[in-house]
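The structure under discussion appears below in the form of structure tokens.
Put into structure tokens, the structure is as follows:
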């Protein structure tokens, strides 16, 4: 499976997401990205099923803005 990039709202959320995903044995890497609106944003890159990861993050009130 290819690695997916999950766009999040902030660097703080990306760090929090990476920390909590470690508890589920899911490796995540925080990345700074360029948004379609032209600004900067942050996300996490995961090798797991992105829908599953977004559901897990939803349990701790982190919303996936976009899956790339």
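Numbering (my numbering), first residue to last: 10 to 77.
Backbone N, C-alpha and C fix where the C-beta goes; we use that ideal spot for every residue, glycine too.
Practice prompt. Assign residue 17 to one of three DSSP states: helix, strand, or coil.
Written response: strand
Worksheet item: Helix, strand or coil for residue 26 per DSSP?
Response: helix
Worksheet item: Taking 7 Å as the cut-off, does the CB of residue 67 come closer than this to any heavy atom belonging to the ligand SAM?
Response: For the ligand SAM, the structure offers nothing, since it holds no ligand at all.
Fill in: Sequence-distant residues of its chain with Cβ nearer than 7 Å to residue 56 (five each side left out)
10, 12, 36
Fill in: Opening and closing residue of the alpha helix (DSSP H) in which residue 67 lies
59–68
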